[in-house]
Every structure is written in C-alpha cells, then in structure tokens.
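Chains as they are written, first to last, in my numbering: chain A, 7 to 197; chain B, 7 to 197. For reference, the structure discussed in these notes is given below.
Number of protein chains: 2
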Amino acid sequence: MYPGLLHELHKRVTLSPGQEAAILSHFTPKKLKKRQFLHQEGDIIQRMSFVEKGALYSYSTDAHGAQHVVQFGFEGWWIGDLYSFFTQKPSRLNVEVLESCEVLTLSLESHELLLKTIPPYETYMRILYQNAYVALLSRIENSLGLSAEEIYSRFLEQYPFIFSRVPLHLIASYMGITPVTLSRIRRQVAS
Amino acid sequence: MYPGLLHELHKRVTLSPGQEAAILSHFTPKKLKKRQFLHQEGDIIQRMSFVEKGALYSYSTDAHGAQHVVQFGFEGWWIGDLYSFFTQKPSRLNVEVLESCEVLTLSLESHELLLKTIPPYETYMRILYQNAYVALLSRIENSLGLSAEEIYSRFLEQYPFIFSRVPLHLIASYMGITPVTLSRIRRQVAS
DNA sequence: ATTTTTCCTTATCATTTGTTAAGGTTTTTT
DNA sequence: AAAAAACCTTAACAAATGATAAGGAAAAAT
C-alpha cells in the first residue's frame, strides 16, 4: 500500500511499524485524469499532495495574462502550493494533470498532528524542506549568467526523462523562454 | 547576549531557560571587517552563520569568470552555503562583508546534536527551511514573465532598505541584469 | 588634502530574445 | 475514419538587453 510514499519516508527516517501505520492512516488517495485540475488559482489549499503515480505541473498567470510553469511533479515528488497550504491564503497557482495520476493527500490538521506526535515525521519534513531549499537555490545559482542555450543543455542533462513526458512548450515556459526561442536553441544544439 | 538570535528563535518556538542556554552555548561569535571574507570558493563550510549585526553578500563565479550575487545577509538572517555545510563538499560561493559584522557561528556537529536533543530546535529549523523554501519559490514565481523594469520596481517595494546599504551594481547582479541595464531602468522609472 | 579606487551613468553598436504569423505534424476527440 | 485541437518549427521583424568605452561623482586610502 502506497509503495512510493513508504519508499520516500524510509529514504530519510526510521519508523516503527506503529508510526508508519499512523502516518499512512492520515493520507487519502485521489485519482485524477489527464487535464483535470488538482488545484486552481484562488483556492485555499486544504491538502498537500504526494504523487504516487503519474505526472502534473503547476503554473501561474501573470499580470499580462501569460502563463508560467513553476514546477513539475512526477512519482515520488510532492506537488502543490505550500504557500497557500501553510498560510491558508488563496493560491496563485493552478495544478493540472499531464498524465493520469494517483496522488496521496494530507490535511493541514493531520500534518500538524503528525508533526506533534511523531518525531521522525518532523525530522522527515525538516530534511525535505532543507533539501528542497538547497536544490532550489542551486537551480537559481546554476542558471546565473547562462544563456538560454546553456540553461537548456543543463536541463537536458539533469532531467532527460522529462522530455519524453512533457510537451516542449511547457518546458520552455519552465525555463522562462518562449517556445520559439526553445525551438531555435534545439536547432543549434542539434547541429 | 545575542539579542538578535534570541529574538529570531522566540519568534518561532518556545524554549525553556535551560534549552535556551544550551542552544546559545554552541554558538561562537566572530567579528569581521569590511571586505573580509567569511567563506571562499572551494572551502568546505564548517559552520553556519547567523548575522547579529552588519551586512554581507554571497556570490558565485560562473564558467565565463563573471560574478553573480546570490544572496544578501543582514541582521537577523542566516548566511552561508548550506549546500556545502550539509554535504561537506566544496563550496562554490564566496561570502564577503559589506558592513563590519558580528556573526554567530555553529558547527555541523553542534547543529546535529541540537537537532537530536532539543526538539524545539528541530522545529525551529523545520520552520526556517519551510519559510525559506516558500519565499524562494515566490521569488521565482514573482519574477516569471516580468521585464527587468518590473523586477526592479518590485524589488524596490519589497526591500527599500537594501538600496541604502548595497551598491547598485551588486543589486543589478542579484537581479540578473547588468549595471548598465539597471541604470537605464532607473532613468525610466524616475521619469 | 590629495590621490586612488570604486561606483554610476550615458552613448553606441551588437546580440539575444520576443512577437506575430504561417504551415505541417501529431494527437485527441467525435 | 474524419474533424478538431494541440504541438512544433520556421521566417521576418521588433524590442530588450548585453558589451564596450568614456567621463564624472563619490568614497576610500594614503
């Protein structure tokens, strides 16, 4: 049951069988089909979501009405808008399904209860955020001073599997460039 | 003693006097003068640093030899290279003093000991990383699809105090634009 | 106080990236 | 199977940003 989530927890902390069962009991599975929305702009996010299977992506809409991909979510990743979840303010993100999904969701109340009652759960969360923060900072650092072409090449090295599962125009948006520019770059890199 | 650090801890968690003393006992103060380096590229970061007083900034050097500002650090902020600190791999960052500083430093061993023995310390760290992660993601989200001019205007609103303490060319570097472009923008915004 | 260094702005020209539009695949829907 | 929608590439032109260089103001060093 929930092999992805269990694997993710055990990667980082040691849990007794009782603790493991207590944690899992708070998660609710949810199935989603392609093009469905997990969250929409304006929602106050009630539950955080772990991707057991499938793929999703989140995007925001800027002041000019243009959309920008913020994050992808594949098996073993958390997805959603933590800002809205923790502050209980309206989300600015939409989270849409790319490939039919099974996600495991957890309410804020459950999250807070688990933090209080299961110390390894708090440790897991600290490590999760610590790693996420460091990874995000590296993402920013590594893109500093790089041309769009260099950003593309690195992205290709780091996440080769994404290219077979995500349309190029979403990758372009994630990279902060237009699909036209990405197309130009791909032609140069290929030759 | 260490009023900045105490204020920062108490903002987020409740500590008994004993716990407070135990935490503080692991920090070592360090004074730094303008232009000194707290860390340099290639160092393996041994201690994380809390800024009690003063200002610093960190920058990396890219493959073309150009420098890029990654982060500023003022009173009440943590500064350094968490990637190197946690992984004990060489840092790619330089951390240089802008205004003479007093920083409080903590070794990895102390950090791990405090995590294990003082639960509110772990809670503090989880909240710190959670907030840092959400803030960093917002920084990325908010800059998506914005022109350099819009990025500048928002930066001006969010951190007005930085402009009186940091040279413009470092701010330009942090924003990912050249000083020349920042100058052009400032002329437009002013008129 | 003088000299040196750092910092900011401006101008010019080159390069990169964005915008718009069109055409052809591929994928999805009916 | 046919129609519709989504996706990717290319071209031509426009706009934004970078690179280089020069001059002057401000700050730091002597």
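The beta carbon of each residue, even a glycine, is placed where N, CA and C say it ideally should be. Note that this is a predicted model, so its numbers are computed, not measured.
Whole-number beta carbon distance between residue 175(B) and residue 151(A), since they are thought to touch under 8 Å | Walking along the first sequence from the start, residue 151(A) turns up at place 145. Walking along the second sequence from the start, residue 175(B) turns up at place 169. Rounded, the Cβ-Cβ distance is 14 Å, inconsistent with contact.
Entirely within the stretch 49 to 111 of chain B and at least 3 residues each: give me those beta strand (DSSP E) ranges in chain order.
-> 53 to 67, 73 to 79
Mind checking if residue 131(A) is an interface residue toward chain B, Cβ cutoff 9 Å exclusive?
-> Residue numbering aside, residue 131(A) sits at position 125 when the first sequence is read from its first letter. Yes, contact with chain B.
Across which residues does DSSP place residue 113(A) in a beta bridge pair?
-> Taking the first residue of the first sequence as 1, we reach residue 113(A) at position 107. In DSSP, residue 113(A) forms a bridge with 53(A).
Tell me where the beta strand (DSSP E) around residue 45(B) begins and ends.
-> Mapped onto the second sequence, residue 45(B) falls at position 39. Element bounds for residue 45(B): 43 to 45.
Spatial distance of residue 183(A) from residue 122(A) (CA atoms) | As a position in the first sequence, residue 183(A) is number 177, starting the count at 1. As a position in the first sequence, residue 122(A) is number 116, starting the count at 1. Rounded to whole angstroms, residue 183(A) to residue 122(A) spans 43 Å at the Cα level.
Beta-carbon proximity check, residue 40(A) vs residue 104(A), cutoff 9 Å | One-based indexing of the first sequence puts residue 40(A) at position 34. One-based indexing of the first sequence puts residue 104(A) at position 98. Taking 9 Å as the Cβ cut-off, residue 40(A) and residue 104(A) qualify as a contacting pair.
Identify each residue in the stretch 27 to 53 of chain A for which the Cβ-Cβ distance to at least one residue of chain B is less than 8 Å, and report them in chain order.
-> none
Starting from the beta carbon of residue 76(B), find every residue of chain A whose beta carbon is closer than 9 Å, and list them in chain order.
-> For the purposes of this step, residue 76(B) is taken as residue 70 along the second sequence, with counting starting at 1. Residues of chain A passing the Cβ test: 143, 146, 147, 150.
Check each candidate in 15(A), 96(A), 7(A), 142(A) and name the one with the smallest Cα separation from residue 51(A).
-> Position 45 of the first sequence, counted from the first residue, corresponds to residue 51(A). Comparing Cα-Cα distances from residue 51(A) to each of 15(A), 96(A), 7(A), 142(A), the minimum goes to 96(A).
Could you please give me the residues that DSSP links to residue 30(B) through a beta bridge?
-> Mapped onto the second sequence, residue 30(B) falls at position 24. BP columns for residue 30(B) are empty, so no partner.
How big is the Cα-Cα spacing for residue 56(B) and residue 144(B)?
-> Here residue 56(B) refers to the residue found at position 50 of the second sequence. Here residue 144(B) refers to the residue found at position 138 of the second sequence. The straight-line gap from Cα to Cα measures roughly 23 Å.
Hey, quick one: how far does the alpha helix (DSSP H) through residue 157(B) stretch, first residue to last?
-> Sequence index remark: in the second sequence, residue 157(B) carries index 151 (1-based). Looking at the DSSP string, the run of the alpha helix (DSSP H) that includes residue 157(B) is 154 to 164.
Bounding residues of the alpha helix (DSSP H) (the contiguous stretch that carries residue 143(A)) | Locating residue 143(A) in the first sequence gives position 137, counting from the first residue. Here the alpha helix (DSSP H) through residue 143(A) covers 125 to 149.
Do we get a CB-CB distance below 9 Å when we pair residue 66(A) with the residues of chain B?
-> Taking the first residue of the first sequence as position 1, residue 66(A) is located at position 60. Yes - at least one Cβ of chain B is within 9 Å of the one on residue 66(A).
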